[in-house]
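In this note's numbering, the protein residues as written are 1479 to 1928.
Input: a single structure, listed below in structure tokens.
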Ligand code: C2E
Ligand code: MG
Ligand code: MG
């Protein structure tokens, strides 16, 4: 379909289905074509092939030569992909530097691979940009093929498979083709999917921070907020950290993810501080760390730089670590914690009571806060054992000069019990659920009391 000028309706329809920059099909149109192709494939011998292309290091071109050049380059790549394909095939741009080619009646693997080779050759021809400069781009390509005669793949599963394969191609050196195989699927498919999803989020501004208020039980005022990361998925909405933090740790992606969280939360802390009256006790913004970050060389230096850029006061930031995080991180981790403390930030021991730490160890740590795990708070007032544990932890915290924070407060009874036991701060659904930063901003502006 070319840009039809006949009627406003046709123009609106065209716009709804095409990428405005390149005129290629957008995700919506691609999914529709893919569904139709899969339906047709049931009655034909060939396969449907989905080729997922992502330009290598496109961000470098964009950042060094400017967005104008970046856009020109994307348009040129789009034209080349179209010229390489048959007119019955669909070429789509999903956003950024991601392109998808959909081909029908593909005889088999060899044909799909040769198609990928032709596409890569077309892209690799140097592109003339601006004043006589030449840029060479390469692409990583993932291929997924529908299996003739087997249970039909769905459009989104086929696209996912191609996407997962593309990320494998990137991981194993870029500028290459990777076929999606059942090997990639066996058992580890979920892991690959989460990894692909996470990489997308990192590359495409898909992470969000929600914040949960920490309440001072003495004054009832807002004492701080804990930053809790979420992943914004176009189809599934907000995805909780339990679904991607384990994969992030395993793959090391928690390092770039954590760096983003630190800059974002520090900037937020600075913004909130500027909203508070000068004589109000400054809010503490908490950030969760994983063991992998603590053993990353230079982590504390990077944190220092991020705080400096944000304009936040280091003493208004708190890093939360669980007992097990530290056990994983061993010696290097403790050194990192000391470096962090030298920056002036606070430290909290998270989920206290669930790990295997010793009291000697607790005393050696340069911590400021002790967070009582919500499994103990749950039984407060009803389970005598839990009540005894919470009392003991609060006493221990106070003896060590730590501020005690109860997590997971869900009922008014638990809150009363914590006040009676002398707990300093509390956090939980009964007080406020985690939410977007604006929610906390409103609490600050209204000087909300609990
Ligand atoms: P956490 O640090 O212990 O965070 C508290 C978790 O308890 C949050 O879950 C919060 O939503 C939940 N919660 C708060 N109040 C209540 C309550 O009253 N009842 C119950 N049942 N739950 C409550 P969320 O957001 O799903 O985070 C889970 C974990 O993911 C966090 O546990 C933290 O360990 C990890 N995490 C979150 N953000 C980050 C991050 O930026 N980096 C790293 N490395 N880990 C993170
Ligand atoms: Mg925490
Ligand atoms: Mg916790």
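The C-beta atom is built at its ideal place from N, Cα and C for all residues, glycine as well.
DSSP beta-bridge partners of residue i
i            : result
residue 1796 : 1764, 1824
residue 1686 : 1708
residue 1882 : 1848
residue 1576 : 1532, 1573
residue 1830 : 1850
residue 1525 : 1584
residue 1691 : 1703
residue 1568 : 1580
residue 1619 : 1531, 1655
residue 1538 : Answer is none; residue 1538 lacks a bridge partner.
residue 1503 : 1496, 1570
residue 1605 : 1613
residue 1489 : Bridge partners of residue 1489: none, in fact.
residue 1927 : 1699
residue 1904 : 1693, 1884
Residue i burial status per 10 Å Cβ neighbour count (16 or more: buried)
i            : result
residue 1907 : exposed
residue 1758 : exposed
residue 1639 : buried
residue 1545 : exposed
residue 1664 : Below a pLDDT of 50, predicted positions are generally treated as unreliable, and residue 1664, at 44, falls in that range; no measurement from the model is reported.
residue 1453 : Limits of the chain in this structure are 1479 at one end and 1928 at the other, which puts residue 1453 out of reach.
residue 1633 : buried
residue 1831 : buried
residue 1666 : Since pLDDT at residue 1666 reaches only 49, below the 50 mark, its modelled position is unreliable, and the value read off the structure follows with that caveat. Answer is exposed; the Cβ neighbour count stays below 16.
residue 1511 : buried
residue 1656 : buried
residue 1513 : exposed
residue 1746 : buried
residue 1525 : buried
residue 1571 : buried
residue 1933 : This structure leaves residue 1933 out entirely; the chain is present only between 1479 and 1928.
residue 1736 : buried
residue 1538 : exposed
residue 1713 : exposed
residue 1588 : exposed
residue 1535 : exposed
residue 1631 : buried
residue 1708 : buried
residue 1731 : buried
residue 1839 : exposed
residue 1798 : buried
Residue from the options with nearest C-alpha to residue i
i            : options                : result
residue 1652 : 1642, 1622, 1636, 1616 : 1616
residue 1614 : 1568, 1601, 1899, 1622 : 1601
residue 1583 : 1891, 1521, 1541       : 1521
residue 1516 : 1644, 1679, 1622, 1791 : 1622
residue 1842 : 1566, 1704, 1813       : 1813
residue 1620 : 1597, 1632, 1605       : 1597
residue 1748 : 1726, 1782, 1792, 1776 : 1792
residue 1566 : 1576, 1555, 1508       : 1508
residue 1875 : 1488, 1860, 1887, 1844 : 1844
residue 1820 : 1714, 1577, 1785       : 1785
residue 1928 : 1889, 1551, 1550, 1568 : 1889
residue 1899 : 1915, 1789, 1855       : 1855
residue 1543 : 1880, 1611, 1492       : 1611
residue 1833 : 1846, 1789, 1851       : 1851
residue 1626 : 1527, 1730, 1714       : 1527
residue 1919 : 1485, 1753, 1857       : 1753
residue 1774 : 1742, 1733, 1594, 1669 : 1733
residue 1518 : 1624, 1574, 1501, 1496 : 1624
residue 1658 : 1590, 1729, 1685, 1925 : 1590
residue 1823 : 1685, 1810, 1847, 1811 : 1847
residue 1925 : 1750, 1825, 1731       : 1750
residue 1891 : 1725, 1499, 1859       : 1859
residue 1789 : 1756, 1811, 1743, 1556 : 1743
residue 1715 : 1727, 1686, 1523       : 1686
residue 1795 : 1599, 1739, 1564       : 1739
residue 1501 : 1486, 1650, 1558       : 1558
residue 1825 : 1887, 1914, 1896, 1704 : 1704
Residue i beta carbon near ligand 4 (any heavy atom closer than 8 Å)
i            : result
residue 1788 : Of the ligands this structure carries, namely ligand 1, ligand 2 and ligand 3, none is ligand 4.
Residue i at chain B interface by Cβ criterion, 9 Å
i            : result
residue 1584 : Checking the listed chains, one finds no chain B in this structure; it contains a single protein chain.
(request) Under 6 Å from any heavy atom of ligand 3, by CB: list those residues in chain order, please. (result) 1828, 1829, 1849, 1885
(request) Give a yes or no on contact between the segment 1642-1658 and the segment 1524-1537, applying the rule of three or more CB pairs nearer than 8 Å. (result) yes
(message) When you compare the segment 1672-1683 with the segment 1693-1704, are there three or more beta-carbon pairs, one atom per stretch, that lie closer than 8 Å?
(response) no
(message) Would you call the segment 1907-1921 in contact with the segment 1683-1693, where contact means no fewer than 3 C-beta pairs closer than 8 Å?
(response) yes
(message) Whether or not the segment 1787-1804 and the segment 1764-1775 are in contact is what I'm after, with contact meaning three or more pairs of Cβ atoms, one per stretch, closer than 8 Å; do they touch?
(response) yes
(message) Tell me whether the segment 1773-1791 and the segment 1815-1829 touch, counting them as touching only if at least three CB pairs, one residue from each stretch, are closer than 8 Å.
(response) yes
(message) Pairs of beta-carbons, one from the segment 1603-1610 and one from the segment 1491-1500, closer than 8 Å: are there three or more?
(response) no
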